[in-house]
Structure formats: structure tokens, C-alpha cells
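See structure below.
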Amino acid sequence: MSLISYPRTAAALAALLKIPYRALLDLIRKQKVRVNIAEFMRALFKDQQNNDRFVAEANDRLMKWFEARRAAGDSDAAIVYHRSGVRLLHGFTIEKVSYTRKRDRNLYRKERSEFDSTVKGAWLREVARTHRAELLSAGLGDAQVDAMARDGKAPEGYQVHHRIPLDDGGTNAPDNLILMRNDVEHRAIHGYYNPGEKCIQQMAYGACGEVALPLPPRDAVIYPNPSRQWVAERRPSLDLYEIYK
Amino acid sequence: MTTTTPGIIERYVRLMTDRLPADLRPKPCDTATIERARREFRRALGIELPDAYCRVLVVADGVDHNGLTIWPVQQCNPPFRQTLVEANIDLRDSFDENYLYLAQLDEELYVYDTRTHEYLAIEFVGKPVWAKFASDEEMFAFLLERAWGEHLA
């Protein structure tokens, strides 16, 4: 009979992380240890808090993961964190973005402020008019697209996402926007334990760095879109744990 | 100190709720439900539920409009995926434990900073603060107007 361990407390997880990481992942893979993803990631980051290279190396490993996927002939996809489990966002790419946190905070605040007051509504009206077939194929109803065209508002359950964040060199230009389903997809793109997001949080305003960001399909105005196989697929949490060390 | 138009929060929430399909339209919360929500919020998060949030609940248990989510306090039915307490536990656990999360609009989070006792608009990516508010009422009036897209006199 094999024993299965379910470490839940911070102390138990900290003790678990004393095991060499590869061996630990092997225990998880063989289901001899079962961990909650949020608790495990929190404990892992605490364990690595003095490792200056931890997040940068995870960014590098994420890029390699994506390149290996392409080299193997697999379709594009990004691996992302979500509280309910890791997701593969099919159709996404992982791109190394030279990220500079805007030093001009007034410009940032102006762009952020203008987004809802003018840009968003105009973009949604335009997309409803020019991409009706794509919106319908993604699962929106005729009435929802008509309402978008009339009112310039996102349909229920959807939000507008900046492909390149405003906080970086991203702008409110139409080609930097995409309509995303709130949860899980939009929340997962901004998943707290995504290497890119962690890297950005560590950067000072005006600082630059290479960041591995999940970017939506270039020609899409809406995500997910099952008609193009652009969907979020559940993956074992191990796939993300392996990126991290 | 700033003031907002009396009843403005309720008016925005009513307009937004009426725009949802009938089967997705959240019901108003009665007094007992709001009191229960206050107790549960205090117990789970150690802080009082802001009055402006309760004013939303009087009209509808949750708002989903134009990318805006104000989480429900009772059971989580579509279009919502989390209750207010669930969203807070999740975001405090994984995003920043120093905030109370009161609404999300696209990539913007509207929060109460438990360290500085300020109401703030922040962004998911990098957590920059891009607006500060004098009160919970001012913040809710701002975010509701922003999601609705026009100022109600």
C-alpha cells in the first residue's frame, strides 16, 4: 500500500520544498504527494524569495517551453496560471517582449483614463460592424453583436484586454485590443503566478527587462473562439511547476 | 470631502441590471441578506463591507455590465463565477493581500487599501495606482459611470 501525502499548511509545504525540486515533481507526478496549486505556488515563491534569478529564469524557461512546442510541430499555445488549475490557451503565443515600465506616469494615467471614456466604445462599435461573422462564430448571439454595434459596450461575461499592457509601451490603438471572456481566460492571462507578470511587478518605473508575455492570436478580435480551436484547455499543474525550476 | 449625487449608485445599477437578459438579471438583496453579507465579509476578511457596496446590493446582487463585475454576495450563478468573499480570498491570496477587492472593470481593479485606508483604482499588470478616491461612494459612482459610458445628472 502506498501512502499519499496532502501537505496543506505553510510549514508542511516548506518542508516539502526541502526535497530536491525534480524529485518533488516526480512525487507529484506519481501522485504520492498532492498539493493545491495556489498553496504550492505561494510556498514556492516564499522558498525562493532570496533567489534574484528565480523569476528571470522562469521567464527564460517559459520561452524555451514555447519554442520546444513549435519545434515539435504543435500548434501555438500559452501555458498560464489560474486559481482552479493551469490552462493552455490555444492560439496564443509566448513572446519575449522588451518591457519598459512607463516612466511618464501622467501619460499612463491619461491613457488609462481615456480608455473607457472614448476608446473602448468606439473600438467595440467598429468591431461589431466589421467582424460580425467572427463574433458570431465565437459564440455571441445576433442580439449581443447588435447591442455592441449600437451601444459600444462589451457583451455580458466579456472584457476588453490590452495585448501589450498600457503600463508598458502598449497603447489604446485598435490593434492592441481584444475582447476576452472574463473568467477563466482573461483572469488566466493575468494569472498572478505567470512568469511575465511576476517579472513586471519586480520592475521599477522606467526600468526595462525581457518579459515572456502570453499574447492572443494576432488577427483575432475575440477569445475564446471554438470555431478556430482557440480555447482554454485544462492541463496538469505539473506543466507550470516545471517552468519554475 | 467630495459628494456625489444622491441615489446615483442605485440609478446606475438599476440601468445596468435592466440591460441584462431576464434569466441573468440578479435579484435585489433584502435587509437580512445584506446584514448577513456584512457579517460574513467582516468574519472572512476582518473589515467592514463598505456602505456603497451595500447600496449596490439593495438594487442587485451583483453587476455585470460592459466589462464591469461587482461580485454577488449570495450564490454564484451565471454570469458570475465567484462571490465577493470568494473573489477576495482568491485575489488576496494570489494578487495582493493588502487590498479588499470591490469591483473589476476590464483590467482595472477597484480596491480598498487596508494599509493606507484609501480607495484606489489599480491595474492588473504591475499593480500601478492610477486613481484615488475620497470615499467608497465616490469610487463606486466613478466606476459605475465609467462602465455605463455617460454621466447621469
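Residue numbers (our numbering), protein chains in the order written: chain A, 1 to 245; chain B, 246 to 398. Backbone N, C-alpha and C fix where the C-beta goes; we use that ideal spot for every residue, glycine too.
Three or more C-beta pairs under 8 Å: does that hold for the segment 156-166 of chain A against the segment 311-329 of chain B? Counting C-beta pairs closer than 8 Å gives three or more between the segment 156-166 of chain A and the segment 311-329 of chain B, which meets the contact rule.
Look up A/Y193 in the DSSP assignment and give the residues it is bridged to. According to DSSP, which records beta bridges pairwise, A/Y193 is partnered with nothing at all.
Pick out whichever of A/T171, A/D219, A/R125 and A/D167 has its Cα sitting closest to the Cα of A/Q201. Considering only alpha carbons, the answer is A/D167.
Using a Cβ cut-off of 9 Å, which residues of the segment 352-373 of chain B contact any Cβ in chain A, in chain order? Identification of residues in the segment 352-373 of chain B having a C-beta nearer than 9 Å to some C-beta of chain A yields E352, E353, A366, E368, F369, V370, G371, K372 and P373, given in sequence order.
Beta carbon of A/I189 nearer than 9 Å to that of A/V80: A contact, by the Cβ cut-off of 9 Å.
Give me the chain B residues within the contact set of A/D116, using Cβ-Cβ distance strictly less than 8 Å, ordered along the chain. Residues of chain B with a Cβ closer than 8 Å to the Cβ of A/D116 are, in chain order, L350, D351, R391, A392 and G394.
Could you list which residues in chain A have their beta carbon closer than 7 Å to that of B/N311, in chain order? Listed along the chain, the chain A residues whose CB falls inside 7 Å of the CB of B/N311 are K153 and A154.
Does DSSP put B/S339 in a helix, in a strand, or in coil? Correct three-state label for B/S339: helix.
Answer with buried or exposed for B/C274, where buried requires no fewer than 16 other C-beta atoms within 10 angstroms of its C-beta. By the neighbour-count rule (16 or more Cβ atoms within 10 Å), B/C274 is buried.
When the Cα atoms are used, what is the spatial distance from B/P455 to A/Q31? What the structure shows of chain B is the stretch from 246 to 398, and residue 455 of chain B is not part of that stretch, so it cannot be assessed.
How many Å lie between B/E255 and A/T9 at the Cα? Looking at the two C-alpha atoms, the distance is approximately 43 Å.
Would you list, in chain order, the members of the segment 313-336 of chain B that have their beta-carbon closer than 7 Å to a beta-carbon of chain A? Answer in chain order: T314, P324, R326 and D335.
By the DSSP assignment, the alpha helix (DSSP H) with A/M180 in it spans what residues? It is not in any alpha helix (DSSP H) - A/M180 instead sits in the beta strand (DSSP E) that spans L177 to R181.
In chain order, what residues of the same chain lie with their CB nearer than 6 Å to the CB of A/L16, ignoring the 5 residues before and after it? The beta carbon of A/L16 sits closer than 6 Å to the beta carbons of P7 from its chain, once the five residues preceding and following it are set aside; these are given in chain order.
Along the chain, where does the alpha helix (DSSP H) that runs through B/I254 open and close? Counting along the chain, the alpha helix (DSSP H) containing B/I254 begins and ends at I253 to R264.
With a cut-off of 8 Å on the beta carbons, I'd call A/I37 and A/A212 a contact; round off their distance for me. About 19 Å separates the Cβ atoms of A/I37 and A/A212, ruling out a contact at the 8 Å cut-off.
Which stretch, first to last residue, makes up the alpha helix (DSSP H) that contains B/T278? Here the alpha helix (DSSP H) through B/T278 covers T276 to L290.
What residues match up with A/R234 in a beta bridge as DSSP calls it? According to DSSP, which records beta bridges pairwise, A/R234 is partnered with A/R87.
Going by beta carbon distance, what residues of the same chain come within less than 6 Å of B/M261, once the five residues before and after it are set aside? Correct list, in chain order: V308 and H310.
Assuming the contact rule is C-beta atoms closer than 8 Å, B/L350 and B/A379 should be a hit. Round their C-beta distance to whole Å, please. Wrong, their Cβ atoms sit about 19 Å apart, outside the cutoff.
Between B/P266 and chain A, is there a C-beta pair that is closer than 9 Å? The beta-carbon of B/P266 is placed less than 9 Å from the nearest beta-carbon of chain A.
Close beta carbons around A/E114, own chain, < 6 Å, minus the five adjacent residues each side: Residues of the same chain with a CB within less than 6 Å of the CB of A/E114, apart from the 5 flanking positions on each side, do not exist.
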